[in-house]
Amino acid sequence: MQTLKTMKQNKFSELVFDENDVCDLLMQGKPVDMLDHMIVDSTVNFSSWPNIIDPLPNLQQQTVHNCSVPEFHQLQQQNWHMPDEYKSLDIAACVLALCGNEAELQRCGAELLLYQERGMFDLLRYLKYLVDTMKENNIVWGVGRGSSVASHVLYKLGVHRIDSLYYNLDITEFLR
């Protein structure tokens, strides 16, 4: 979504749209469903919209959060914004099904245990969703960088293109 001239962010770095922003997006021919879950401020008058726009987008009125920024970020980390089929995906079975030989099965199994110990299965599900979305929309992403290339699980999910088994990379470089 392109950034509009009047774009605002609240103290939690969420983008907050006003009625002019929403109208500008609609006038640019953006599909109405693109507005679903958009956070809008108090200038957006929902009562007049049903007569103008059909179907009506599922906009979210900006809420006042009574918490600190670190507490808000902690709460948001528990709410992964992805379709339900990814939220309920058995990510371990999915990764293991991508393995082509015993060495990959052993490496991915060991890594999955480390991800599970750290409570990172939701992150893996989100990364699967992200990669699938990028592939479906022909979006190009990099070959990989940093310590994440040490993870064979991320390689199998398509997050990066560096085969950690081939290069004998140690997973502990990533999961410190």
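In this text, residue positions in the sequence shown follow numbering that gives the first Met the number 0: the first is 0, and each later residue adds one. Cβ atoms here follow ideal geometry from the backbone N, Cα and C, with glycine treated the same way. Keep in mind it's a predicted model, so treat the numbers as computed, not measured.
Proximal residues to residue i (C-beta, below 8 Å), its chain only, five neighbours per side dropped
i, result
"residue 160", "142, 143 and 154"
"residue 95", "104, 107, 108 and 111"
"residue 115", "91"
"residue 162", "151 and 154"
Coil, strand or helix - residue i by DSSP
i, result
"residue 38", "strand"
"residue 161", "coil"
"residue 168", "coil"
"residue 24", "helix"
Chain-order list of residues whose beta-carbon lies under 6 Å from that of residue i (same chain, five-residue window excluded)
i, result
"residue 98", "104 and 107"
"residue 86", "none"
"residue 168", "149"
Residue range of the unbroken alpha helix (DSSP H) whose run includes residue i
i, result
"residue 85", "83–86"
"residue 72", "68–76"
"residue 176", "Beyond the ends of the chain as shown, which are 0 and 175, falls residue 176; an answer cannot be given."
Which residues DSSP lists as bridging residue i, in chain order
i, result
"residue 8", "14"
Residues of its chain near residue i, where Cβ-Cβ distance is below 7 Å and the 5 sequence neighbours each way are ignored
i, result
"residue 173", "146, 147, 149 and 150"
- Task: Report the residue ranges of all alpha helix (DSSP H) runs contained in full by the region 98–154; include only those spanning at least 4 residues, in chain order.
- Result: Residue ranges of uninterrupted alpha helix (DSSP H) with 4 or more members, entirely inside the region 98–154 and ordered along the chain, are 101–116 and 120–135.
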